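Asks: So the sequence shown is numbered by numbering that gives the first Met the number 0: it starts at 0 and just counts up by one. By construction, the Cβ of each residue, glycine as well, lies at the ideal position given by its N, Cα and C atoms. If you're wondering where the values come from, they're calculated on a predicted model, not measured in any experiment.
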Amino acid sequence: MDYVKIGRFIASMRRERGMTQRDFADLMGISDKTVSKWECGNGMPEVSLMPLLCDALGINLNELFSGERLDDASYKKKAEENMIRLLKEDTLLKSNIVGGDVLGQARNVPLTTSTVHTVNNAFWSTIGSEALGVTALPSWGGYMTEEKLHLLGDMTGKRALEIGCGNGRSLKYVHDRGASEVWGIDLSPEQIQRTRVFLSSQGVQAHLLCAPMEEDCGIPTDYFDVVYSVFGIGWTTDLDATFQRIHTYLKPGGRLLFNWSHPIHKCTQLTEGRLVFCNRYFDEGWYAAQIGGGEIMLSNRMMSTYINALAASGFRIERLIEEGDHEALCSDQSDFAQKARIAPVGFVLQARKEGGARRA
Ligand SMILES: C[S@@+](CC[C@H](N)C(=O)[O-])C[C@H]1O[C@@H](n2cnc3c(N)ncnc32)[C@H](O)[C@@H]1O
Numbered sequence: 000m001d002y003v004k005i006g007r008f009i010a011s012m013r014r015e016r017g018m019t020q021r022d023f024a025d026l027m028g029i030s031d032k033t034v035s036k037w038e039c040g041n042g043m044p045e046v047s048l049m050p051l052l053c054d055a056l057g058i059n060l061n062e063l064f065s066g067e068r069l070d071d072a073s074y075k076k077k078a079e080e081n082m083i084r085l086l087k088e089d090t091l092l093k094s095n096i097v098g099g100d101v102l103g104q105a106r107n108v109p110l111t112t113s114t115v116h117t118v119n120n121a122f123w124s125t126i127g128s129e130a131l132g133v134t135a136l137p138s139w140g141g142y143m144t145e146e147k148l149h150l151l152g153d154m155t156g157k158r159a160l161e162i163g164c165g166n167g168r169s170l171k172y173v174h175d176r177g178a179s180e181v182w183g184i185d186l187s188p189e190q191i192q193r194t195r196v197f198l199s200s201q202g203v204q205a206h207l208l209c210a211p212m213e214e215d216c217g218i219p220t221d222y223f224d225v226v227y228s229v230f231g232i233g234w235t236t237d238l239d240a241t242f243q244r245i246h247t248y249l250k251p252g253g254r255l256l257f258n259w260s261h262p263i264h265k266c267t268q269l270t271e272g273r274l275v276f277c278n279r280y281f282d283e284g285w286y287a288a289q290i291g292g293g294e295i296m297l298s299n300r301m302m303s304t305y306i307n308a309l310a311a312s313g314f315r316i317e318r319l320i321e322e323g324d325h326e327a328l329c330s331d332q333s334d335f336a337q338k339a340r341i342a343p344v345g346f347v348l349q350a351r352k353e354g355g356a357r358r359a
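1) Closer than 7 Å: is that where the CB of C164 sits relative to any heavy atom of ligand 1?
2) So, is C216 buried or exposed, given that buried needs 16 or more other C-beta atoms within 10 angstroms?
3) Taking P44 as the reference, give the member of C164, I83 and G291 with the closest Cα.
4) Quick check on the burial criterion: 16 or more other C-beta atoms within 10 angstroms. Buried or exposed for E79?
5) H428 to V203, Cα distance in whole Å?
6) Buried or exposed: where does T194 fall if 16 or more other Cβ atoms within 10 Å of its Cβ makes it buried?
7) Going by other Cβ atoms of all chains shown within 10 Å of its Cβ, with 16 needed for buried, is E38 buried or exposed?
8) Alpha helix (DSSP H) containing T111: first to last residue?
9) With respect to 7 Å, is the separation between the Cβ of T117 and the closest non-hydrogen atom of ligand 1 below this value?
10) With hydrogens ignored, establish whether the beta-carbon of D212 is closer than 7 Å to any heavy atom of ligand 1.
11) Pair every Cβ in the region 146-163 with every Cβ in the region 229-241, then say whether three or more of these pairs are closer than 8 Å.
12) Taking only runs of the beta strand (DSSP E) that begin and end inside the region 154-236, which ones reach a length of at least 3 residues, in chain order?
13) One question on the structure: do M143 and V275 come within less than 8 Å of each other, judged by their Cβ atoms?
14) In whole angstroms, what is the alpha-carbon distance linking P109 and S124?
15) Identify, in the order they occur along the chain, each residue of the same chain with its Cβ nearer than 6 Å to the Cβ of R168, setting aside the five sequence neighbours on each side.
16) Quick one, which of I316, M212 and L198 has its alpha-carbon nearest L186's?
17) Among A205, F197 and G140, which residue has its Cα nearest to the Cα of G231?
18) Since R254 sits in a beta bridge, which residues does DSSP pair it with?
19) If you draw a straight line from the C-alpha of T112 to the C-alpha of S333, how long is it?
20) Do M296 and V3 come within 8 Å of each other at the CB atom, strictly closer than that value?
21) Could you check how far apart the C-beta atoms of L150 and G183 are, in whole angstroms? I think they sit under 8 Å.
22) By Cβ distance, which residues of its chain are closer than 8 Å to P251, with the 5 residues on each side in sequence left out?
23) What would DSSP say about K93, mapped onto helix, strand or coil?
24) Do you know offhand how far E15's Cα is from G127's?
25) What residue does the alpha helix (DSSP H) around S11 start on, and which one ends it?
26) Is the separation between the beta-carbon of N299 and that of C266 shorter than 8 Å?
27) What three-state label does DSSP hand I263 in the structure shown?
28) For N107 versus Y280, is the C-beta spacing smaller than 8 Å?
29) Taking only heavy atoms of ligand 1 into account, decide whether any of them is closer than 7 Å to the Cβ of I263.
30) Just tell me which of L63, K32 and F335 has its CA closest to the CA of R7.
31) Would you say A135 touches ligand 1, meaning its beta carbon is less than 7 Å from a heavy atom?
32) Out of E321, D237 and S199, state which residue places its alpha-carbon closest to the alpha-carbon of G284.
33) Should K76 go down as buried or exposed, given a rule of 16 or more other Cβ atoms within 10 Å for buried?
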């Protein structure tokens, strides 16, 4: 969807009705910041608000998704285009992180850490989770859930650190599982602020640090029982340095748990029921891709890259999960589920810092 065009359309319809952003926000029962966000093209109204929004602006849903007034002649054609677009975007939302179908339009970029951080920070500070869907525990993505996998195990009295803690939903989950301390680090000041507000509204105390995971930011060493990351690790510009740092944060015997999109998912596309390679599996170059009206910068790492980097940092690899939950996969008829029935779309890896007692 073209968020910028839709945003401009909302603004012009609002002005046509003589409303300020504040008048419109009051009418909708939301904040004027939210209205401004839509009008700047940084997100879409939630589905539940759409009927009220259309009523208030005197437009219909088809016009909202098209970002323009439609006459009778163009109405049907636009409705069909919008339906196809929404179906495609629904598939993307379920994939959490981009797959090969989106990467077809990505452009290669050189790896410049400061540029990658600036671009990704801008994305996560604005549309982030709205564009990429659920990226928090109990989901490990790719039809894998903590409820089925029990990877965290008993967290009672454990100290936990999340890398790329986003808006804090996983920190709350880990806290509710009995962790004695929860820590989070994230690149984006807005995400850290959202987490702070969310966790304090839930009565959860957390140590939150705003910094890139690649850098030293004063996290204690030999301190944590579990370091985990849910769709966080893959954003690093330096995988070796990140694993080396995480290794120092863990107590001997402590565990690292993280997930990411599977490298096979990133370079394949579902075409007429078959998986077709649309990129080279071995290509680990950096690229910029457009998602939901924003831009992200990433690289596709091979599975061997993760495993070799963990081993080189002193981790013992204990478990690699690549297959989604059979029941969940079979009850979903989407293209994404069809893809996930053929090959992995996500993975979860568990590794341990050598030196402690071997326990779950
Ligand atoms: C998919 S979200 C994680 C969501 C999180 N699992 C949750 O429960 O809400 C990825 C997060 O990684 C952060 N991130 C991206 N690059 C980073 C970096 N280099 N260092 C630290 N955090 C980073 C983003 O700001 C974003 O909040």
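Replies: Taking the coordinates as given:
1) yes
2) exposed
3) G291
4) exposed
5) The structure shown does not extend to residue 428, since the chain is modelled only from 0 to 359, so the question has no answer here.
6) buried
7) buried
8) That residue, T111, is in no alpha helix (DSSP H); it is neither H nor E in DSSP.
9) no
10) Reading the sequence as shown, one finds Met at residue 212 and not Asp. M212 Cβ: within cutoff of ligand 1.
11) yes
12) 158-162, 180-185, 206-209 and 223-228
13) no
14) 23 Å
15) A135
16) M212
17) G140
18) V225 and R351
19) 36 Å
20) no
21) Not a contact, Cβ separation roughly 18 Å.
22) D221, K352, E353, G354 and G355
23) No answer about K93 holds up, because its pLDDT of 40 lies below 50 and its placement is not dependable.
24) 31 Å
25) Y2 to E15
26) yes
27) helix
28) no
29) no
30) L63
31) yes
32) D237
33) exposed
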